[in-house]
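Okay, so here's the structure we're looking at.
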Amino acid sequence: MSHLPAMAAHAELSTWIETREELLSSALLGGAGGMCAVFLSRDTQGDYLLRLCDGADDRWMTWREQRRLRSAFGRSYAEALANAAMTRLERSGWQLEWLARASPEALPALAA
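Taking our numbering, the leading residue of the sequence shown gets 2, the next gets one more, and so forth.
Encoded structure:
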């Protein structure tokens, strides 16, 4: 399993993941405590990784959680867990500031 660099800007963390895995979604949330990021990616073994990072701002973030979601559960399950993580953060007072997801053609079930 790949581990994120200990500290970096949100853009650097996103680029780091993109160069090693398939980045499926990246979200940035703001709140009184600073910034929080939620990344969902798929590694070379086909497993999904849900990562949460936070920091005082988007230029200096540390990762606080990394969860491996086995590929047997599928992409929909991984995306549901990422959405649940963002929902929990929003209910805690964080506000979604930026969100990027893989294009629809990358989702064969939705394109059918």
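No residue lacks a Cβ here, since even glycine has one placed at the ideal position from N, Cα and C.
Item: Nearest candidate by alpha-carbon position, reference Ala12, set Ala38, Ala33, Ser42, Thr88; Value: Ala38
Item: Short CB-CB distance (under 8 Å) between Ala85 and chain D; Value: No chain D is part of this structure, which consists of one protein chain only.
Item: CA-to-CA distance, Gly32 to Gly94, given in whole angstroms; Value: 6 Å
Item: From Asp59, Leu70, Asp58, residue whose alpha carbon lies closest to that of Leu51; Value: Leu70
Item: Ala79 classed as buried or exposed, judged by whether at least 16 other C-beta atoms fall within 10 angstroms; Value: buried
Item: Proximity test, Thr45 beta-carbon vs the ligand MG heavy atom, cut-off 7 Å; Value: As presented, the structure is devoid of all ligands, the ligand MG included, so that no description of it is given.
Item: Cβ pair Leu82, Ala28 closer than 8 Å; Value: no
Item: Simplified DSSP state of Ser1, which is helix, strand or coil; Value: Outside the shown range of the chain, which is 2 to 113, sits residue 1, and nothing can be said about it.
Item: Extent of the continuous beta strand (DSSP E) to which Ala57 belongs; Value: 49-58
Item: Cβ-based neighbour list, Pro6, same chain, cut-off 8 Å, excluding 5 preceding and 5 following; Value: Glu13, Leu14, Trp17
Item: Contact check, Leu90 vs Leu24, beta carbons under 8 Å; Value: no
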